[in-house]
Every structure is written in C-alpha cells, then in structure tokens.
Amino acid sequence: MNAKNIFKVCVIGSLGMATLGLTLAFNASIAAAHGERSQEPFLRMRTAQWYDTKWNPQKTAVNDEAMLSGKIHIAEDWPRAVVKPNRTFINVGSPSSVFTRLSSKVNGTPMFTSGPMELGGDYEYVIKLRGRLPGHHHIHPMLAVNGAGPIAGPGGWMDITGNYKDFTNPAKLLVGGTIDTEVAGLAAGLFWHVLWGGLGFAWIGWFMIRPMFLIRARVLAQEGGDALLNDPVDRIVAFGMLGLTFSLIAVGFFTTDHTYPYTVPLQAGEPKIKATHLRSDLTMKVLAADYDVPGRALRMTLQVTNSGETPLSIGEFTTAGIRFLNKVGVANNLDPNYPAEIMAQDGLHMEDESPINPGETREVKLDSRDSLWEVQRLMDLVNDPEQRFGGLVMSWDASGNRHINSIAAAIIPVFTRAAGI
Amino acid sequence: MALFRTAEIIKASKLPPEGVKLSRMIDAVYFLPIAYLGVFATFHMHFDLLAGDWDFWVDWKDRQFWVTVTPIVEVMYPGAIMYYFWTFYRQPFGATLSITGLLVGKWITIVFAWYWWANFPANFVMPATMVSSALILDCTLLLTRSWMLTAIFGVWAFAMVFYPTQYAIFGYSKQPMVVDGQLLSLADYMGFTYVRTGTPEYIRIIEVGSLRTFGGHTVWISAFFSAFVSMLVFTIWWQIGHFVGQAFFWVKGRRGVMSRMNDVMIVGTDDFARRHGTPDGVAPKLSAAGTFAEGKS
Ligand SMILES: [Cu+2]
Numbered sequence: 006m007n008a009k010n011i012f013k014v015c016v017i018g019s020l021g022m023a024t025l026g027l028t029l030a031f032n033a034s035i036a037a038a039h040g041e042r043s044q045e046p047f048l049r050m051r052t053a054q055w056y057d058t059k060w061n062p063q064k065t066a067v068n069d070e071a072m073l074s075g076k077i078h079i080a081e082d083w084p085r086a087v088v089k090p091n092r093t094f095i096n097v098g099s100p101s102s103v104f105t106r107l108s109s110k111v112n113g114t115p116m117f118t119s120g121p122m123e124l125g126g127d128y129e130y131v132i133k134l135r136g137r138l139p140g141h142h143h144i145h146p147m148l149a150v151n152g153a154g155p156i157a158g159p160g161g162w163m164d165i166t167g168n169y170k171d172f173t174n175p176a177k178l179l180v181g182g183t184i185d186t187e188v189a190g191l192a193a194g195l196f197w198h199v200l201w202g203g204l205g206f207a208w209i210g211w212f213m214i215r216p217m218f219l220i221r222a223r224v225l226a227q228e229g230g231d232a233l234l235n236d237p238v239d240r241i242v243a244f245g246m247l248g249l250t251f252s253l254i255a256v257g258f259f260t261t262d263h264t265y266p267y268t269v270p271l272q273a274g275e276p277k278i279k280a281t282h283l284r285s286d287l288t289m290k291v292l293a294a295d296y297d298v299p300g301r302a303l304r305m306t307l308q309v310t311n312s313g314e315t316p317l318s319i320g321e322f323t324t325a326g327i328r329f330l331n332k333v334g335v336a337n338n339l340d341p342n343y344p345a346e347i348m349a350q351d352g353l354h355m356e357d358e359s360p361i362n363p364g365e366t367r368e369v370k371l372d373s374r375d376s377l378w379e380v381q382r383l384m385d386l387v388n389d390p391e392q393r394f395g396g397l398v399m400s401w402d403a404s405g406n407r408h409i410n411s412i413a414a415a416i417i418p419v420f421t422r423a424a425g426i
Numbered sequence: 240m241a242l243f244r245t246a247e248i249i250k251a252s253k254l255p256p257e258g259v260k261l262s263r264m265i266d267a268v269y270f271l272p273i274a275y276l277g278v279f280a281t282f283h284m285h286f287d288l289l290a291g292d293w294d295f296w297v298d299w300k301d302r303q304f305w306v307t308v309t310p311i312v313e314v315m316y317p318g319a320i321m322y323y324f325w326t327f328y329r330q331p332f333g334a335t336l337s338i339t340g341l342l343v344g345k346w347i348t349i350v351f352a353w354y355w356w357a358n359f360p361a362n363f364v365m366p367a368t369m370v371s372s373a374l375i376l377d378c379t380l381l382l383t384r385s386w387m388l389t390a391i392f393g394v395w396a397f398a399m400v401f402y403p404t405q406y407a408i409f410g411y412s413k414q415p416m417v418v419d420g421q422l423l424s425l426a427d428y429m430g431f432t433y434v435r436t437g438t439p440e441y442i443r444i445i446e447v448g449s450l451r452t453f454g455g456h457t458v459w460i461s462a463f464f465s466a467f468v469s470m471l472v473f474t475i476w477w478q479i480g481h482f483v484g485q486a487f488f489w490v491k492g493r494r495g496v497m498s499r500m501n502d503v504m505i506v507g508t509d510d511f512a513r514r515h516g517t518p519d520g521v522a523p524k525l526s527a528a529g530t531f532a533e534g535k536s
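Protein chains in written order, with the numbering used here: chain H, 6 to 426; chain G, 240 to 536.
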C-alpha cells in the first residue's frame with residue numbers, strides 16, 4: 006500500500022467517523038412511545054372513547070398471565086373523514102409480540118376475527134396476555150378499523166421479567182395433545198426448505214461446473230450450435246430431476262396428510278357483537294365550545310338537566326384516552342395505576358361545583374385545562390379538516406354511582422388571549 | 240467417454256486457451272455477484288409487494304387466494320429470466336435461479352427482520368417454497384426446448400404442484416383446536432396469539448368470493464385457475480424478457496445488404512444458418528481480414 010492509498014483510506018475513515026459523531030450528537034434521544042401522538046386529534050377524540058383502561062399487573066414474569074381490559078365507546082359523532090367501523094378489530098398495540106394473546110373477549114364474546122361495531126355503542130374488552138419478551142413495554146389497546154387503520158388507545162407501561170429462552174406457548178389441539186406455537190412445524194418446515202433449496206442449488210451447480218456464458222453464446226451462434234449444446238447427459242439428469250421432484254412432492258404430501266388426518270380450513274368468520282349503551286340521568290347539550298390555544302384549555306358551556314332522583318356532580322372529562330379530573334373524579338374514579346402522563350388530576354374546572362339537583366337544568370361552564378393538550382398534541386386540532394371535538398363527561402351521585410354522557414360539538418379556536426370569550 | 244460434451248463445446252467456440260480461462264472468470268463474476276444478487280434483490284422486492292402477506296404469515300395461507308396468487312406472482316421473473324438464459328446461452332436454470340434467489344432474500348428477511356428484529360418465531364413467518372415448481376419448469380424447457388410447450392405443460396405443473404409441495408411444510412397448521420368455545424385452526428390461533436399491531440385480522444384476504452363451488456374442492460379449483468393465469472403471465476413475462484433482453488444482430492443478406500435482425504429466437508438455429516450463413520453473417524460489422532469468431536478481434 007503506497008502513501009497515496011494510505012491517505013485515501015485516512016480521508017474516508019475520518020469522514021465516516023465524522024458522520025457517526027454527527028449522528029450520535031443529533032439523534033441520541035430515546036423514543037419512548039411509538040407514535041400514538043402523531044395521530045390527528047379528530048381521529049383520537051371523535052372515534053373511540055377509551056375509558057376504564059387497565060394494565061394488570063404492571064409487572065409480569067415470562068410465561069405468566071396479564072390482562073389488558075377496559076371499555077370503549079364508539080362515538081356517535083364519528084368523523085366524516087374516517088371510514089365507518091363496519092369491520093373492526095380490538096387489537097393490542099405493542100412493540101412486536103412482547104405478549105402473546107391467549108384470549109380476547111368483547112362484551113363476553115370471543116373476538117378472534119373482525120366484526121362490525123355500532124356508532125354510539127359501548128364495548129367492554131378483556132384481553133388475556135402471556136409474558137413473552139422481557140423488557141419495559143408501552144402497551145395500548147387499539148381499535149383497528151378496516152379502511153381507516155389502527156386507532157391507538159391510551160398507552161401504559163408493562164414490564165416483563167425473566168428470560169425469553171424459558172418462554173413456551175402451549176396450545177391444546179382438538180384431537181388431543183398439546184403443541185408449543187413457538188416451534189410447531191418448525192423442524193418440518195426447515196427440513197423441506199433445506200431439501201428443496203439444496204436440490205435447486207444442485208441443479209444450478211450442475212451447469213455451473215461447465216462453461217456457462219461466453220463460450221455457449223459463441224457456440225450457439227454457429228451452425229449446429231443448438232444441437233451441440235443439447236448435451237444428452239443433461240437430458241438424462243433432467244428426466245431424473247423431474248422424477249425426483251414429483252416423487253418428493255408426493256412423499257411430502259401423503260406423509261403430512263397421514264400425520265394430520267384431521268384438518269380444518271382457516272376460520273374467517275365475523276362476530277356480530279351486541280353493544281351496550283351508556284346510561285345517565287343527565288342530559289347534556291353543548292351550547293358553545295372554544296379552544297384556548299395559548300391557555301391550553303378546552304372550554305365548553307353545557308346545558309345540563311338532571312332527570313334522575315339523586316343530585317349528581319360532574320367529575321371527569323375524558324377524550325382520546327386522556328383524563329381531566331376534579332375532586333369528585335379523583336374521589337370516585339382515581340385508578341392509582343393509570344399512567345400519570347395521560348391524566349390531569351386537577352384538570353377539570355367549573356364555576357359552580359355544587360351538585361346538579363334532580364329536576365334542575367343548569368348552564369355549566371366546564372373547562373379542561375392542562376399542558377396535556379399541548380404535550381399530547383391535541384392542540385393540533387386547529388389543523389384538522391373538521392373543527393369538532395368529542396368526549397365523555399362522567400358524573401357521580403353521593404353513593405358513587407357513575408353516569409356517563411357522550412358529548413360532541415363544533416369548536417372554535419381562540420388564537421390569542423385577548424380574543425377569549 | 241467423457242461425462243460432458245464440454246471439450247467439444249470449447250473446441251467449437253474457437254477460443255484460445257487463455258480465452259477459455261477468461262470466460263470462466265467472466266462466468267464467476269457475472270453469475271454470482273451480478274446476475275444472482277440482482278435477481279434475488281429485485282425479485283424479492285417485486286414478490287413482497289404483490290404477494291407478500293400471503294407468504295409472511297401462516298394464518299394467510301388459505302385454500303383460495305394464497306394458492307391463486309403465489310404461483311402467478313412467482314412465475315413472472317422466471318418467465319423473463321428463463322427467456323434470457325435460454326435464448327442467449329441455452330442454460331436451463333432461469334426458473335430455479337429466480338426462485339432460489341427469492342428464497343435467499345426471504346430467508347435473510349426472516350432471520351434478520353422477522354426473527355431477530357421483530358421477534359416473531361420462524362414457524363409463524365415461514366415462507367412457501369416453489370423450488371419444486373421451478374425445477375419442473377426448467378426441466379420442461381430443457382427437454383422440450385420450446386417455450387410454448389413450457390408455457391403450456393411446465394407452467395401448468397408449476398402452479399398445480401404448489402399446494403402439495405407446501406402441504407408438507409404447513410399441513411401441521413391446519414390442525415383444529417378449540418379456544419374459548421370456538422373452532423380455530425392452529426394457524427388462526429397463531430395469527431391471533433402473536434400480536435401484530437399494524438396488521439389487524441381484517442387485513443387477511445382469505446376465502447372470500449365465489450370461487451368455491453364445485454363441492455368444496457376449493458384448493459384444486461384455485462390451483463387450476465392459478466395455472467391458467469400463470470400461463471398467460473409467463474408468456475407476457477417471456478415477452479418482457481424479449482423486450483428488455485435486447486440483442487440484435489447485423490445480418491448480411493444474400494444480396495449483400497446489411498440489415499438489423501431483431502429475432503434473436505432464431506439466431507443460432509440451423510435454419511438461420513442455412514438462410515444467412517455463419518459465422519460471418521452474424522458477427523457485428525465484420526472486417527474481411529479477421530473475424531470475431533476466430534478470437535482475433
Ligand atoms: Cu405507546
């Protein structure tokens with residue numbers, strides 16, 4: 006290696022080091038979530054209203070069971086820009102299959118395949134999981150809507166401890182016996198891939214050991230070249246290869262058929278799951294709503310009528326899986342395990358906090374104010390094609406019975422403080 | 240007697256010994272790093288875009304679409320590559336080269352993307368293999384020496400043996416099981432148990448449509464349909480090979496006029512030689528003194 010070459014290598018090397026250095030300097034922050042905040046606000050606030058979400062337990066050992074459960078209200082005011090939920094699947098949003106899913110029930114019905122959901126309907130899901138890949142994982146319930154894509158619910162952290170090597174996922178077969186889905190059929194699959202791959206390479210190799218291109222092209226261009234290249238030994242080998250191929254296919258097919266005498270086709274049904282419906286003694290009508298961009302607040306004026314028999318206090322407003330609570334909400338509905346980063350315990354404000362009495366109609370000014378609007382990027386609502394919001398308002402009576410109202414209305418952005426109502 | 244006709248062929252090529260040596264080096268450099276890598280990279284991408292999901296997931300391997308789509312897509316590259324290797328070199332390994340190349344790409348993806356990066360077990364993302372079909376296709380071309388017969392018989396067999404070949408690999412996944420009181424095949428359950436966040440269940444395109452009359456013999460109806468479409472697709476891609484693999488020759492006709500000869504199918508046949516003479520007539524712009532064919536240029 007002469008001096009010039011050494012110099013060249015040094016230049017290339019230092020350029021490489023510089024690139025690496027710049028990459029590390031600008032790209033060293035760790036991505037903690039997986040993009041749920043980048044979904045448009047109207048998609049998160051007006052499609053699926055997630056509530057009572059539970060990640061239980063928050064620490065699971067490999068092979069142990071965990072549960073992801075909660076409820077989902079399909080908004081009545083489903084946006085025009087999103088395909089209606091005619092074919093949906095309640096899914097788990099996780100960084101690859103860190104858990105395996107053992108069972109998934111929606112309103113008590115198993116949901117293995119996708120099915121329709123009703124606008125305005127409520128669905129309770131219980132997903133049984135089994136710890137698979139150790140780590141600290143952000144897990145979301147997810148509503149996947151055919152044509153609209155996955156809509157992420159609130160994300161919570163779940164830890165899996167132990168060792169992946171110990172993981173097994175036994176599955177009971179109908180005809181008896183148990184197999185592990187991690188390795189079932191693996192040996193047979195590898196065997197046939199290696200066998201066929203080997204035969205394929207052998208076939209190519211048979212022609213590689215002789216002159217391949219230039220010489221044959223030159224011979225082919227001459228009189229009698231085509232016949233000369235038609236080597237009789239190749240024809241014999243080709244007949245042999247044909248026979249071997251058909252025999253191997255037959256052997257593979259019939260032995261497999263013999264090994265598994267009872268088989269069923271893929272099951273592609275469509276569960277029609279019956280919805281339940283929210284019940285509330287309150288009726289709510291949004292009279293006006295605005296969106297204070299600099300103040301990070303959603304301010305609404307509601308006309309609330311209590312047609313029940315007990316006084317009710319508003320305690321929570323929840324939208325896009327983000328919860329705004331006041332003292333009533335904290336007293337009645339504070340799940341200490343709910344992720345703090347998507348809950349504002351002092352985020353809900355009213356001028357008049359007294360309960361709404363039976364028979365009373367009141368105009369309630371309800372503010373949900375917190376930096377979460379900014380952090381969770383719901384502020385971006387101002388960029389949406391339809392300026393509307395939606396959410397669930399929860400109220401409680403003195404004995405802790407919950408009443409839930411789904412609200413939705415047009416919303417006006419307020420860009421400067423001076424212009425506020 | 241020698242096993243191969245290699246000595247005669249080399250003699251007929253009229254290359255000096257150093258030319259023969261050089262041609263073998265060209266074979267090595269051209270075949271492995273250029274032809275093979277090029278085919279496996281582009282065919283893999285092409286295939287994954289058109290039929291990827293049916294091949295990725297065990298719970299997509301149905302009796303209808305998987306059986307129909309895979310042969311149709313996998314016969315495309317073999318059509319063009321077989322045209323090229325057969326027409327210019329009479330090498331009968333175009334299909335096997337394409338399909339093994341595809342599988343090399345597939346397995347790199349399975350090991351590094353699916354298994355190592357995304358942590359799916361290898362059985363869940365096991366690909367189908369069409370090497371058996373490719374061998375049949377190549378052998379048919381070698382034995383019939385006719386692309387038309389290859390398209391009719393070879394491609395028909397190419398598609399028809401797809402399901403029986405795969406059955407040895409995926410038969411286990413059709414075993415029934417009962418989960419939460421519902422009948423599932425093991426494949427369905429694996430698709431359910433391994434969480435795929437971006438690939439919800441409804442993405443599956445399985446067993447929909449009207450191709451399942453005839454007493455439930457869905458697989459064979461699909462395979463027949465696939466075989467006929469594959470024949471058409473094969474001939475189209477053979478023609479694409481013809482279009483892309485352009486080689487034309489300047490031919491001096493009987494009256495001494497030079498004309499461009501596009502029909503490379505005919506070049507090298509005895510009939511061609513009878514009509515146009517050889518080798519002088521086929522070499523490009525020959526000088527009177529030395530010819531390309533004698534290794535002096
Ligand atoms: Cu997340």
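Beta carbons: idealized from backbone N, C-alpha and C, even for Gly.
Relative to the alpha-carbon of residue 468 of chain G, which residue among G/390, G/495, G/407, G/440 has its alpha-carbon at the smallest distance?
-> G/390
How far does the beta strand (DSSP E) with residue 223 of chain H in it reach, from first residue to last?
-> Careful: residue 223 of chain H lies outside any beta strand (DSSP E), inside the alpha helix (DSSP H) at 219-225.
So, is the C-beta of residue 49 of chain H closer than 7 angstroms to a C-beta in chain G?
-> no
If we cut at 7 angstroms on Cβ distances, does residue 265 of chain H have a partner in chain G?
-> yes
Is any heavy atom of ligand 1 found at a distance shorter than 6 angstroms from the C-beta of residue 141 of chain H?
-> no
Is any heavy atom of ligand 2 found at a distance shorter than 6 angstroms from the C-beta of residue 346 of chain H?
-> The model on display carries ligand 1 but not ligand 2.
Does the beta carbon of residue 433 of chain G sit closer than 7 angstroms to a beta carbon anywhere in chain H?
-> Taking Cβ atoms only, chain H reaches closer than 7 angstroms to residue 433 of chain G, which makes this a yes.
Would you tell me roughly how many angstroms separate the C-alpha atoms of residue 393 of chain G and residue 399 of chain G, rounded to the nearest one?
-> If I take the Cα positions, the gap works out to 10 angstroms.
Residue 260 of chain G to residue 199 of chain H, Cα distance in whole Å?
-> Their Cα atoms are separated by approximately 33 angstroms.
Quick one: does residue 295 of chain H have its CB under 7 angstroms from some CB of chain G?
-> no
To the nearest angstrom, how far is it from the Cα of residue 343 of chain H to the Cα of residue 335 of chain H?
-> Those two C-alpha atoms are separated by around 12 angstroms.
Can you give me the start and stop residues for the alpha helix (DSSP H) that residue 405 of chain G sits inside?
-> Taken as a continuous stretch (DSSP letters only), the alpha helix (DSSP H) holding residue 405 of chain G covers 401-409.
Looking only at its own chain, which residues have a Cβ that is under 6 angstroms from the Cβ of residue 504 of chain G, when we skip the five neighbours before and after it?
-> Summary for residue 504 of chain G: the model assigns pLDDT 49, below 50, so the residue's position carries little reliability; its value from the coordinates is reported in the next sentence. No residues qualify anywhere along the chain.
Report yes or no: is there a C-beta of chain H within less than 7 angstroms of the C-beta of residue 410 of chain G?
-> yes
Selected residue, minimal CA-CA separation from residue 321 of chain G, among G/344, G/267, G/274 | G/274
Cα-Cα, which of H/98, H/69, H/125 is closest to residue 395 of chain H?
-> H/125
Among G/338, G/416, G/490, G/437, which one has its Cα closest to the Cα of residue 272 of chain H?
-> The shortest Cα separation from residue 272 of chain H among G/338, G/416, G/490, G/437 belongs to G/416.
From this set, H/116, H/56, H/165, which residue's C-alpha is nearest residue 71 of chain H's C-alpha?
-> Among H/116, H/56, H/165, the Cα nearest to that of residue 71 of chain H belongs to H/165.
Return the chain-ordered list of same chain residues with a C-beta closer than 8 angstroms to the C-beta of residue 282 of chain H, the five sequence neighbours on each side being excluded.
-> 125, 126, 127
Of all Cβ atoms in chain H, is any one closer than 7 angstroms to the Cβ of residue 327 of chain G?
-> yes
By the 10 Å Cβ neighbour count, where 16 or more other Cβ atoms means buried, how is residue 523 of chain G classified, buried or exposed?
-> Reliability of the predicted coordinates at residue 523 of chain G is poor, the pLDDT of 39 falling under 50, and no value is obtained from them.
Which bits of chain G does residue 198 of chain H rub up against, with CB to CB less than 9 angstroms?
-> 342, 346, 365, 366, 368, 370, 408
Could you tell me whether the Cβ of residue 529 of chain G comes closer than 7 angstroms to any Cβ of chain H?
-> Residue placement at residue 529 of chain G is poorly supported in this model, since its pLDDT is 36, which falls under 50; the coordinates still yield a value, given next. It does not: the Cβ of residue 529 of chain G has no partner Cβ on chain H nearer than 7 angstroms.
Look at the Cβ atom of residue 144 of chain H, then the Cβ atom of residue 116 of chain H, and state whether they are nearer than 7 angstroms.
-> no
State yes or no: is the beta carbon of residue 269 of chain H nearer than 7 angstroms to at least one beta carbon in chain G?
-> Put simply, the CB of residue 269 of chain H is near chain G, with a gap under 7 angstroms to one of its CB atoms.
Contact list for residue 469 of chain G against chain H, beta-carbon separation under 7 angstroms = Simply none; closest approach about 17 angstroms.
Determine, using beta carbons only, whether residue 413 of chain G comes closer than 7 angstroms to chain H.
-> yes
Cβ pair residue 393 of chain H, residue 401 of chain H closer than 7 angstroms = If you check the CB distance, residue 393 of chain H and residue 401 of chain H do not come in under 7 angstroms.
At which residue ranges does the region 216-301 of chain H contain complete beta strand (DSSP E) runs of 3 or more residues, listed in the order of the chain?
-> 287-297
Could you give the residue range of the alpha helix (DSSP H) that holds residue 377 of chain H?
-> 377-380
Within 10 angstroms of the Cβ of residue 369 of chain G, are there 16 or more other Cβ atoms? Answer buried if so, exposed if not.
-> buried
Distance, Cα to Cα, residue 2 of chain H vs residue 316 of chain H?
-> Any question about residue 2 of chain H goes unanswered here, given that chain H covers just 6 to 426.
Can you have a look at residue 270 of chain H and say buried or exposed, based on whether 16 or more other CB atoms are within 10 angstroms of its CB?
-> Answer is buried; the Cβ neighbour count reaches 16.
Compute the Euclidean distance between the alpha carbons of residue 255 of chain G and residue 499 of chain G, then round it to the nearest angstrom.
-> Going by the C-alpha atoms only, they are around 29 angstroms apart.
How is residue 359 of chain G classed by DSSP in three states: helix, strand or coil?
-> Coil, per DSSP.
Residue 263 of chain H: buried (16+ other C-beta within 10 angstroms of its C-beta) or exposed?
-> exposed
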